DNA sequence: GAACATAGCCTTACGCCGTAAGGTGTCAAG
DNA sequence: CTTGACACCTTACGGCGTAAGGCTATGTTC
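Protein chains in written order, with our numbering: chain A, 114 to 329; chain B, 114 to 329.
Below you can see the structure in the form of structure tokens.
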């Protein structure tokens, strides 16, 4: 599994970031530590501090790293709503690619250069909606709410997240919380695609209604 | 501020939970620890373990505690879409009342009894939509995505969350990321209400479109 | 009243964590 | 041969969650 025996290739920001991303997906965000990362890299913990002044700086670099992998915006020749539709599906695909890291990315300010570049292009897309500037910004924000909530649920939420230490037994569930018991099958990962699609198409329908209302 | 001098009233689950909720809002989730909580309560850290077997158990109890404070569902006499509308605004109000805790609640399974009761009632509401069962569940889930994303953004996101250690300077922002610079004013807390309202009404419009489509 | 049990709280200690401070080995330039 | 920069390591500190066990006051039982 680890590779500390052979003469080690030198450290570098890139190598550290890649190992960190791998380790986070392997052991989870909570179990990720500088010391474990160092052991995985075959070096001492403090050596990492030669490349990143703190763990926070490293985590910022990870955000930048993964955002850089995001797909670019859909073909500008497509109708606006279709571009938004595809951008949404793209975001979801990008975001769920590193499930254990997403909860971190999603709950931190995205102020790194590559994250800002992505934000900038998304805001540009929404600026082409034809809505007043304030509304286009708010609409982008609202769309982000949905995409963020969906991503978080799929990576860290009801079906995946840390559970209570003593879950409610099945028979109590069925008796006291019948609606939850009946809905549970639809909360499972196999249903994520269908649920996301319904929600996203609903949101898009709302956006078209908003545009129609403003044009009138 | 603290009250350790006087002869201390005895510990209890309730007293510990209240102190924990207060401490979390005072110092933040990351700075919250059993040891600090004990010091605030005027006892030793291990004393808390007499009432909660682990920190995770305590955190679960906190989820239960805050969910129990949630408002009940809107008047059943109202039209369905109006009940959903109000439930959404209620959720947002409830959820942002303890900003520092919400990021924890929002990213953990809600399997405690009171959380399940709340889930159960919300699912009941969506079951009255007239949609097929699978769709009503998925719609609830999608709505949750939006509400969760909005709550997280308002409590831990772009305007509030931990920032990069070296933010991009203003002049670079204006030059390289003009869309972000232009949108920034609308990302500020003062704009949260307007942004949420636009997004939620958009979502509701989408839901009405969905219902209209299914009825046809 | 004596013996015992229990509840409530504390002491000590262990192995994690992030990281401050400073050391060591290597190697290239002067 | 010296110097200094770079890459990496050693040691140590204060914090964390919590296992193991101890102490004391208050019943409970004979």
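Glycine residues also receive a C-beta, built at the ideal position from the N, C-alpha and C atoms. In this text the structure is predicted, and so the values were computed from the model without any measurement.
Item	Value
Test item: CB-CB of residue 138/B and residue 213/B under 7 Å	yes
Chain B contacts made by the stretch 290-305 of chain A, where a contact means CB separation under 8 Å	290, 291, 292, 293, 295, 296, 299, 300, 304
Completely contained alpha helix (DSSP H) runs for the stretch 254-312 of chain A, where each covers 4 or more residues	283-289, 291-296
Any chain B beta carbon closer than 7 Å to residue 183/A	no
Minimum Cβ-Cβ distance from residue 123/B to chain A less than 7 Å	no
CB contact check: residue 218/A to chain B, cutoff 7 Å	no
Chain-ordered chain A contacts of residue 224/B [CB-CB under 8 Å]	276, 277, 280, 281
Host alpha helix (DSSP H) of residue 196/A (start-end)	193-208
Cβ of residue 158/A within 7 Å of any chain B Cβ	no
Proximal residues to residue 286/B (C-beta, below 6 Å), its chain only, five neighbours per side dropped	294
Length of the line joining the Cα atoms of residue 184/A and residue 169/A	26 Å
Delimiting residues of the alpha helix (DSSP H) encompassing residue 134/A	126-140
Cβ-based contacts, 8 Å cut-off: residues of the stretch 123-145 of chain B near chain A	none
Within chain A, the residues that residue 147/B reaches when beta carbons sit closer than 9 Å	Within 9 Å Cβ-Cβ: nothing; residue 147/B doesn't reach chain A, min ~16 Å.
C-beta neighbour in chain A for residue 315/B, strict 7 Å	yes
7 Å Cβ cutoff met for residue 224/A and residue 276/B	yes
7 Å Cβ cutoff, residue 172/B in contact with chain A	no
Residue interval of the alpha helix (DSSP H) (run including residue 148/B)	147-154
Distance between residue 154/B and residue 119/B (C-alpha atoms, nearest Å)	Annotation note: pLDDT 40 at residue 119/B (below 50); position unreliable, no value reported.
Proximity of residue 374/B and residue 205/B at Cβ, strictly below 7 Å	Residue coverage of chain B in this structure runs from 114 to 329, which leaves residue 374/B outside it and unanswerable.
Amino acids of chain A, ordered along the chain, whose beta-carbon sits closer than 8 Å to that of residue 266/B	254, 257, 258, 261
Residues near residue 290/B by beta carbon distance below 8 Å, same chain, minus five either side	281
CB contact flag (residue 237/B, residue 261/A, <7 Å)	no
Per-residue burial, residue 173/A [other beta carbons within 10 Å of its own, 16 or more giving buried]	buried
Where residue 183/B falls: helix, strand or coil (DSSP)	coil
Nearest to residue 269/A (by Cα), restricted to the options 226/A, 210/A, 216/A, 140/A	216/A
Bounding residues of the alpha helix (DSSP H) (the contiguous stretch that carries residue 244/B)	No alpha helix (DSSP H) contains residue 244/B, which DSSP labels as neither H nor E.
Coil, strand or helix - residue 224/A by DSSP	coil
Test: residue 190/B CB closer than 7 Å to a CB of chain A	no
Test: residue 328/B CB closer than 7 Å to a CB of chain A	no
DSSP-derived helix/strand/coil call for residue 188/A	coil
Presumed contact (8 Å Cβ cut-off) between residue 312/A and residue 259/A, rounded CB distance	7 Å
Proximal chain B residues relative to residue 169/A, where beta-carbon distance stays under 7 Å	278
Cβ neighbour criterion (16 or more within 10 Å) applied to residue 177/B	buried
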